[in-house]
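Read the structure below first, then the notes.
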Amino acid sequence: MGFAYSSDRKEVINYLVDKDVDFVVIPSTGWGQIYNYLIPAVQEYIDRFEQAYFLDNPPTYILKFDKVRGKIE
13 MGFAYSSDRK
23 EVINYLVDKD
33 VDFVVIPSTG
43 WGQIYNYLIP
53 AVQEYIDRFE
63 QAYFLDNPPT
73 YILKFDKVRG
83 KIE
């Protein structure tokens, strides 16, 4: 599943809520969209994420997303 390619961080989070996302994967290697859109949204709304797993090779974070809190107005 993807995520919203938007510089509006609220839109990225709301997309995850709309799509009923449970986990977000953030690899150390990947597309520019992850670094341009997803990571800034996670950083701004870090209270909605909890580290579930970390894989060493390649370094990859798997974050549990708190979708229950709903959309950001």
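Just so you know, we're using this note's numbering here: the sequence shown kicks off at 13 and counts up by one.
We put the CB at the ideal spot given by N, CA and C, even for glycine.
Sheet register partners of residue i (DSSP bridge)
i, result
"Val37", "Ile74"
"Gln63", "Leu75"
Cβ-based neighbour list, residue i, same chain, cut-off 6 Å, excluding 5 preceding and 5 following
i, result
"Ile74", "Phe35, Val37, Ala64, Tyr65"
"Leu50", "Phe15"
"Ala53", "Arg21, Val24, Ile25"
"Asn48", "none"
Sequence-distant residues of the same chain with beta carbon closer than 7 Å to residue i, five excluded per side
i, result
"Ser40", "Pro70, Pro71, Thr72"
Cutoff 8 Å; reference residue i; Cβ partners in own chain excluding five residues on either side
i, result
"Glu56", "Arg21"
"Asp32", "Lys79"
For residue i, three-class secondary structure by DSSP
i, result
"Asn69", "coil"
"Ala16", "coil"
"Lys83", "coil"
For residue j and residue i, the rounded distance between their alpha carbons
i, j, result
"Arg81", "Tyr27", "13 Å"
"Trp43", "Tyr17", "11 Å"
Proximity test, Cβ basis, 9 Å: residue i and chain B
i, result
"Leu75", "In the displayed structure, chain B is absent; only one protein chain is listed."
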